[in-house]
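All letters in the sequence shown, in the order written, are residues 1 to 213 by the UniProt record's numbering.
Each residue gets a CB set at the ideal place from its N, CA and C atoms; glycine is no exception.
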Amino acid sequence: MSAITNKRAVMTLFSGPTDIFSHQVRIVLAHKGINIKIEPVEKRNSTKDCILLHPPFSIPTLIDRELTLYQPQIIMEYLDERFPHPPLLPVYPIERAESRLIMHRIQHDWYVLMHTAQNNMGSQAESARKKLQEELQSVNTVFARSPFFMSEEFSLIDCYLAPLFWRLPQIGIHISKPNSKDLKDYMNRVFTHSSFLSSLSEEENAMQIHTIK
Numbered sequence: 001m002s003a004i005t006n007k008r009a010v011m012t013l014f015s016g017p018t019d020i021f022s023h024q025v026r027i028v029l030a031h032k033g034i035n036i037k038i039e040p041v042e043k044r045n046s047t048k049d050c051i052l053l054h055p056p057f058s059i060p061t062l063i064d065r066e067l068t069l070y071q072p073q074i075i076m077e078y079l080d081e082r083f084p085h086p087p088l089l090p091v092y093p094i095e096r097a098e099s100r101l102i103m104h105r106i107q108h109d110w111y112v113l114m115h116t117a118q119n120n121m122g123s124q125a126e127s128a129r130k131k132l133q134e135e136l137q138s139v140n141t142v143f144a145r146s147p148f149f150m151s152e153e154f155s156l157i158d159c160y161l162a163p164l165f166w167r168l169p170q171i172g173i174h175i176s177k178p179n180s181k182d183l184k185d186y187m188n189r190v191f192t193h194s195s196f197l198s199s200l201s202e203e204e205n206a207m208q209i210h211t212i213k
């Protein structure tokens with residue numbers, strides 16, 4: 001549901017500089033070459049104007065004229081429909097549904113494990129970290145089938161995966177070629193993709209946690 005509470009002349013994204021979901025949206029914006037104003041916002045320091053957009057305020061939030069959108073998947077699919085070229089979702093309904101199912105599983109499986117590993121300590125964090133690493137290694141060969149995730153072209157699924165993979169070293173997961181060559185090669189491709197490079201905030205770029213080889 002949109003909130004018609006604000007009107008701006010320029011499309012605006014309220015984005016967390018290190019927020020993984022904001023990063024997803026920024027990749028879409030970069031890939032589409034959309035002219036937008038990005039307002040950096042920290043969750044713990046949301047401005048009064050932000051909170052007025054929709055209580056409780058969350059990031060990312062997109063303002064497009066009278067329209068206010070939140071929830072990253074809604075924002076990204078809106079942008080893909082509003083700016084159809086280059087497309088990030090398949091044209092045909094069956095393929096679109098399959099892509100949405102994959103994104104749902106990434107969000108509810110791998111993102112949950114990432115969150116658990118980041119926000120807990122001890123055995124709970126270690127268990128989540130171990131499970132995520134094992135699951136990634138188990139699908140290693142999937143990344144060898146095509147340049148991007150099961151596709152010849154960069155897609156919305158890659159916009160889900162790239163921010164997650166970029167942050168793996170922060171939770172102690174290091175993907176190496178001997179064990180996960182195909183996955184590592186995929187990571188190198190997306191991390192050097194122009195859309196990904198353009199999407200990085202200063203804070204994310206300063207992480208410098210990956211060496212592309």
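Residue from the options whose Cα sits closest to the Cα of residue i
i	options	result
Asn35	Ile175, Val41, Arg26	Arg26
Leu13	Ile20, Pro40, Asp19	Pro40
Ile59	Glu66, Leu67, Glu42, Arg65	Glu42
Ser146	Arg189, Tyr78, Tyr92, Gly16	Arg189
Rounded straight-line distance, which links the Cα of residue j to that of residue i
i	j	result
Ser2	Ser22	Confidence is the limiting factor: at Ser2 the pLDDT is only 43, short of 50, which leaves the residue's position unreliable, though a coordinate-based value still follows. Approximately 18 Å, taken between the alpha carbons.
Glu134	Trp110	11 Å
Ser198	Ser151	21 Å
His108	Ser99	14 Å
Gln124	Pro84	42 Å
Asp185	Met11	35 Å
Cross-strand partners of residue i (DSSP beta bridge)
i	result
Tyr70	Thr61
Ser15	Pro40
Anticipated Cβ contact below 8 Å, residue i with residue j, distance rounded
i	j	result
Gln24	Pro72	5 Å
Leu132	Met114	7 Å
Thr141	Asp80	Not a contact, Cβ separation roughly 28 Å.
Leu89	Arg82	About 13 Å; that fails the 8 Å criterion.
Phe149	Ile157	5 Å
Phe196	Ala144	Their Cβ separation, rounded to whole angstroms, is 20 Å, which puts Phe196 and Ala144 out of contact at 8 Å.
Own chain residues within Cβ distance below 7 Å of residue i, not counting five before or after
i	result
Gly172	Arg129
Ile102	Ile157
Asn179	Gln137
Spatial neighbours of residue i in its chain, beta-carbon cut-off 6 Å, leaving aside the 5 residues before and after
i	result
Leu29	Ile36
Met187	Phe165
Residues near residue i by beta carbon distance below 8 Å, same chain, minus five either side
i	result
Ile106	Ile157, Tyr160, Leu161, Leu164
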